[in-house]
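**Q** Below is the structure I would like to discuss, written out as structure tokens.
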Amino acid sequence: PTDYDRDTVTLSYELRGEQHQGNVTLYNTETEIKRDETVMAPRWPSNRLSKNTAKNQNLGLNAKFQSDFALAQFDNRVTYGFDYMDKTSSSYYGSSKFMDESAVSTALFVEDQFFFSDAFFITAGLRFDDYKRKAETGTSNFDDVTWALAAEWAVTQDWTLFASSRSLFKGPELMETFI
153 PTDYDRDTVT LSYELRGEQH QGNVTLYNTE TEIKRDETVM APRWPSNRLS
203 KNTAKNQNLG LNAKFQSDFA LAQFDNRVTY GFDYMDKTSS SYYGSSKFMD
253 ESAVSTALFV EDQFFFSDAF FITAGLRFDD YKRKAETGTS NFDDVTWALA
303 AEWAVTQDWT LFASSRSLFK GPELMETFI
């Protein structure tokens, strides 16, 4: 049997201006898992025949804003912000520690929608990610700059053509709580 408890607290702020909109969110999620694996004998590894526990916590802050302005008589909508998350994970087999890992992820991003007309616009964006992981297998730092480019054309009221391309980055996950 497994007992699973998850608690989340979120605090948000929203900005609604004529030319500037945005939101900021602070959140914390804690998960606790208790699993009785004493009933798994004889098919289970002997070091796990116990009442096992795990805790995970995700603490994050993100902000995303949009600003509308004209540049050389063309409308623009710039979206910009950041993402931050601090993740920790630990587990015990009985009273023996199995693992204790953490990761901190920080990102800054910006994109611009450049409106050539009401029917045609191009969106270009950049994102910088920095990811620090302290794991059972070692401590590693990763960072990357990714990009996105898209175009949208409303050919008629009923037909829209859209194309996009992007690069992606994701740091390695923490180890599963129970393997």
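Per my numbering, the sequence shown starts with residue 153, numbered consecutively. Note that CB positions come from ideal geometry on N, CA and C, so glycine has one too. Everything numeric in this text was worked out from a predicted model, so none of it was measured.
If you follow the beta strand (DSSP E) that L223 is part of, which residue opens it and which one closes it?
**A** That run of the beta strand (DSSP E) goes 203–223.
**Q** Could you check the C-alpha separation between T183 and S269 for me, to the nearest Å?
**A** Distance between the alpha carbons of T183 and S269 is about 49 Å.
**Q** Looking at C-alpha atoms only, which residue of F294, F273, F272 is the closest neighbour of D338?
**A** With the chain covering only 153 through 331, there is no way to say anything about residue 338.
**Q** With distance defined between alpha-carbon atoms, name the residue in F321, R158, G233, L201 nearest to D264.
**A** For the residues F321, R158, G233, L201, the minimum Cα distance to D264 belongs to G233.
**Q** Using only CA atoms, which one of P324, V297, G212, S319 lies nearest to T162?
**A** Nearest C-alpha to T162: G212.
**Q** Which same chain residues, not among the five before or five after V256, have their C-beta less than 7 Å away from its C-beta?
**A** Excluding sequence neighbours, V256 sits near D238, K284.
**Q** Would you give the residue range spanned by the beta strand (DSSP E) that K249 belongs to?
**A** Taken as a continuous stretch (DSSP letters only), the beta strand (DSSP E) holding K249 covers 248–267.
**Q** Considering only C-alpha positions, which residue in the set R229, G290, S247, G246 is nearest to G174?
**A** Comparing Cα positions, the closest option is R229.
**Q** In terms of alpha-carbon separation, which member of A315, T240, T154 lies closest to K203?
**A** Per the Cα distances, T154.
**Q** In the DSSP assignment, the beta strand (DSSP E) including G174 goes from what residue to what residue?
**A** Element bounds for G174: 172–188.
**Q** I need the DSSP call for V297, collapsed to helix, strand or coil.
**A** Correct three-state label for V297: strand.
**Q** Where does S317 fall in DSSP's three states?
**A** S317 falls in the strand class under three-state DSSP.
**Q** Alpha carbons only, please: which of A303, Q309, T308, Y156 is nearest the one belonging to S316?
**A** Comparing Cα positions, the closest option is A303.
**Q** K322: which of T308, H172, V297 sits nearest, CA to CA?
**A** Taking only the C-alpha atoms, the option nearest K322 is V297.
**Q** Starting from L326, trace the beta strand (DSSP E) in both directions and tell me its first and last residue.
**A** It is not in any beta strand (DSSP E) - L326 carries neither H nor E in the DSSP assignment.
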